[in-house]
Structure formats: structure tokens, C-alpha cells
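Here's the structure we're looking at; comments come further down.
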Amino acid sequence: MDVPGDVSVIGVDDSLPGRLSRPKLTTITMPTAAAGRMAVDLLLDAIRPANAGQTAPPTTARLETSLVIRESTQRASSP
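Quick note on numbering: the UniProt record's numbering labels position 4 of the sequence shown as 4, and the sequence is numbered without any gaps.
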């Protein structure tokens, strides 16, 4: 199987092995430090109402990501 000739491959987190692999891995980058801070904040927001006998409301969290196109993907061909 040939990458990207037969199949395209995408990773997540822009790890060093993906940057050093052959072909270099296309990846989605995420702000991991911001994700960690957000996770702690959400956890604390959930604990506070629980300590008062209440339930925390549902929360949606979003982080901005970006696609780094490298050598492991190519445009899909027509069948």
C-alpha cells in the first residue's frame, strides 16, 4: 500500500515522529496547553455546584485547530 498514492493518512497533535516519518505526516494541530487549562476550568466549574448539592449545566468547549498539510495526503482522484 502506498501513502499517499493508495490512501491518505492524517494524524492528530503534530508529534515529532509524524514530522520525522517518511512520508511526513499531515496532521491536525491543537493548542494542548490551552486544552489543559480549559479542562481544569471545566472540572472546577463542575465540582463547585456539586459541593453545593447542585448539578453543573452541560458545557460545550471548542478549541481552534489547524490542518498542516505534508506528504501523507493528496487530492482524491475521480473513480
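Note that beta-carbon positions come from the ideal geometry of N, C-alpha and C, so glycine has one too.
Less than 8 Å between the beta carbons of Val12 and Thr26, yes or no? no
Validate contact between the segment 23 to 42 and the segment 52 to 68 using beta carbons, cut 8 Å, 3 pairs: yes
Extent of the continuous alpha helix (DSSP H) run through Ile47: 32 to 51
Quick one, are the C-beta atoms of Ser72 and Ser15 less than 8 Å apart? no
Under three-state DSSP, which class holds Gly18? helix
Who are the Cβ neighbours of Ala50 in its own chain at under 8 Å, not counting the five residues just before and after it? Ala56
Checking 8 Å against the spacing of the C-beta atoms, do Thr59 and Leu42 come in under that value? yes
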